[in-house]
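Engineer: The UniProt record's numbering numbers the first residue of the sequence shown as 1 and each following residue consecutively.
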Amino acid sequence: MNFHTKPVTYVGEVGLKVLDLKEMTRFYKEVIGFEVLEETESKTVLGTGSQALLKLEAVEGLAPKQDRYAGLYHFAILLPDRKELAKILIHLHNSGIRLGSSDHLVSEALYLSDPEGNGIEIYRDREPEEWNWNGGQVDMAVDPIDAEGLVQTAQEAGEVWQGMPVGTVMGHIHLHVSNLPEAQKFYVDGLGFEIVTSMGGQALFLADQKYHHHIGLNVWNGIGIPALPEKEAGLNYYTLVLEDKEKRSRLAEHLQTMGAEITEHENYLETTDPSGNHIRLTV
């Protein structure tokens, strides 16, 4: 089952407000391995093939990103298979990038930050048949990754890393929020996600159609933290790709009855979660 095609609601693109567009573009091209799909003086769109996954926008007068606001914890790039994770592990190590890593049972993940402090996860999924479900919740852990096994996989493949492969998608997004019950109401009651894992009032993992998670929410920056200011670097928006316009209209109406504001644009509807994270609803 592919968790990033219809009729699953999934994260399509992440937009970041950046201080140094040139340096950030270089990082995402050379270190992360995205292709530049579109570039102007104030904006770079990156992705794989024709699939846009990340938009960097230079905004004048931005302050550097700080960790006392709601906003991005990390966005997560999902690779097609373990071999690709192995290849990028070696590439990042050879590039001198400081890495974290975890085996989450459902996936194997690498963690790093970009030059402006935005969190990035790069991961591969285990097959859904290997995931363990208990009463509607999926088992996830933070175990050590099998780095030796990954290196061996790369050596056996005999392939050199040449950037992000076609088939790479935005697997999920993980957000800092100010209030977990409010965020839960918005994402579960409003947008129709279901809780697949909860961590003792500190974090929630939400999904559509039994993925291990499309959205993570946490209060690790503190309860009651303010929204990210407009003039601060960090998350600009992220998109949720919906099945069709009918579903989008239905969700938008439902969100409005809950008090959320909806703004219409040419190709998307925009709303904001209770912590000030901007979401573009696309089809």
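The beta carbon of each residue, even a glycine, is placed where N, CA and C say it ideally should be. The model shown is predicted, which means the values in this text are computed figures rather than measured ones.
What residue ranges within the UniProt domain "VOC" (10 to 125) form continuous alpha helix (DSSP H) runs of no fewer than 4 residues, ordered along the chain?
Structural biologist: Qualifying alpha helix (DSSP H) stretches, in chain order: 21 to 26 and 82 to 94.
Engineer: One question on the structure: do E121 and V18 come within less than 9 Å of each other, judged by their Cβ atoms?
Structural biologist: If you number the sequence shown from 1, residue 121 lands on position 121. If you number the sequence shown from 1, residue 18 lands on position 18. Going by C-beta atoms, E121 is not nearer than 9 Å to V18.
Engineer: Helix, strand or coil for V188? Go by DSSP, reduced to three states.
Structural biologist: Taking the first residue of the sequence shown as position 1, residue 188 is located at position 188. Residue state, collapsed to three classes: helix.
Engineer: Answer with buried or exposed for M140, where buried requires no fewer than 16 other C-beta atoms within 10 angstroms of its C-beta.
Structural biologist: Start at 1 with the first residue of the sequence shown, and residue 140 comes out as number 140. Burial call: buried.
Engineer: I need the straight-line Cα distance from D103 to G222, nearest angstrom please.
Structural biologist: Position 103 of the sequence shown holds residue 103. Position 222 of the sequence shown holds residue 222. So the two alpha carbons sit approximately 26 Å from each other.
Engineer: With distances taken from CA atoms, which of L217, G163 and E246 is nearest L85?
Structural biologist: Here residue 85 refers to the residue found at position 85 when the sequence shown is read from its first residue. Among L217, G163 and E246, the Cα nearest to that of L85 belongs to G163.
Engineer: When the distance is taken between beta carbons, is L99 closer than 9 Å to L92?
Structural biologist: Counting from one through the sequence shown, the residue named residue 92 turns up at place 92. Counting from one through the sequence shown, the residue named residue 99 turns up at place 99. Cβ distance < 9 Å, so L92 and L99 count as in contact.
Engineer: Which residue spans inside the region 183 to 231 form an unbroken beta strand (DSSP E) run of at least 3?
Structural biologist: 194 to 199, 203 to 207 and 215 to 218
Engineer: Is it a yes or a no for the region 169 to 186 touching the region 214 to 232, going by three-plus beta-carbon pairs under 8 Å?
Structural biologist: yes
Engineer: My assumption, with CB atoms under 8 Å, is that A207 sits in contact with F186. Please give the rounded CB distance.
Structural biologist: Counted from its first residue, the sequence shown places residue 207 at position 207. Counted from its first residue, the sequence shown places residue 186 at position 186. Wrong, their Cβ atoms sit about 15 Å apart, outside the cutoff.
Engineer: Can you name the residues that DSSP bridges to L235?
Structural biologist: For the purposes of this step, residue 235 is taken as residue 235 along the sequence shown, with counting starting at 1. Answer is L16.
Engineer: State the DSSP-derived secondary structure class of Q162, mapped to helix, strand or coil.
Structural biologist: As a position in the sequence shown, residue 162 is number 162, starting the count at 1. Collapsing the DSSP output to three states places Q162 in coil.
Engineer: Excluding the five sequence neighbours on either side, which residues of its own chain have a C-beta within less than 7 Å of the C-beta of A52, listed in chain order?
Structural biologist: Reading the sequence shown from its first residue, position 52 is the one you call residue 52. E13, L37 and V45.
Engineer: Taking W220 as the reference, give the member of G201, A233 and Y237 with the closest Cα.
Structural biologist: By one-based count along the sequence shown, residue 220 stands at place 220. Closest in alpha carbon position to W220, among G201, A233 and Y237, is G201.
Engineer: To the nearest angstrom, how far is it from the Cα of L135 to the Cα of F205?
Structural biologist: As a working note, residue 135 is residue 135 in the sequence shown. As a working note, residue 205 is residue 205 in the sequence shown. A small correction: the amino acid at residue 135 is Gly; Leu does not occupy that position in the sequence shown. C-alpha separation (whole angstroms): 15 Å.
Engineer: At the level of alpha carbons, what is the spacing between I145 and A109?
Structural biologist: Position 145 of the sequence shown, counted from the first residue, corresponds to residue 145. Position 109 of the sequence shown, counted from the first residue, corresponds to residue 109. Those two C-alpha atoms are separated by around 8 Å.
Engineer: Tell me which residues share the same chain as V166 and place their Cβ nearer than 7 Å to its Cβ, disregarding the 5 neighbours each side in the sequence.
Structural biologist: Translated into positions along the sequence shown, residue 166 becomes position 166. Excluding residues within five positions, the ones whose Cβ falls inside 7 Å are T48 and G49.
Engineer: What does the alpha-carbon distance come out to for the pair V151 and A76?
Structural biologist: Taking the first residue of the sequence shown as 1, we reach residue 151 at position 151. Taking the first residue of the sequence shown as 1, we reach residue 76 at position 76. Whole-angstrom Cα-Cα distance: 21 Å.
Engineer: Name the DSSP beta bridge partners of V241, please?
Structural biologist: The residue labelled residue 241 in the question sits at position 241 within the sequence shown. Per DSSP, Y10 and T282.
Engineer: Label A63 either buried or exposed according to how many other C-beta atoms from any shown protein chain fall within 10 Å of its C-beta, with 16 as the threshold for buried.
Structural biologist: Translated into the one-based positions of the sequence shown, residue 63 becomes position 63. Counting Cβ neighbours within 10 Å, A63 comes out exposed, since fewer than 16 surround it.
Engineer: How do the region 253 to 262 and the region 53 to 60 stand: do at least 3 beta-carbon pairs fall below 8 Å, yes or no?
Structural biologist: no
Engineer: For Q137, write down the residues that DSSP places opposite it in a beta bridge.
Structural biologist: By 1-based counting over the sequence shown, the position of residue 137 is 137. Its beta-bridge partners are N134.
Engineer: Using a Cβ-Cβ cutoff of less than 8 Å, which residues in the same chain neighbour V11 once the five nearest sequence positions on both sides are dropped?
Structural biologist: Here residue 11 is taken as the residue at index 11 of the sequence shown, counted from 1. Taken in chain order, the residues that qualify are F75, M170, G171, H172, I173, H214, I215, Y238, T239, L240 and V241.
Engineer: Whose CA, out of E264, S107, K87 and S113, lies closest to the CA of I97?
Structural biologist: Stepping through the sequence shown from its first residue, residue 97 is reached at position 97. Of the candidates E264, S107, K87 and S113, the one whose C-alpha sits nearest the C-alpha of I97 is S113.
Engineer: Restricting to Cα atoms, I'd like to know which of Q184, Y268, K247 and Q209 is closest to S275.
Structural biologist: As a working note, residue 275 is residue 275 in the sequence shown. Among Q184, Y268, K247 and Q209, the Cα nearest to that of S275 belongs to Q184.
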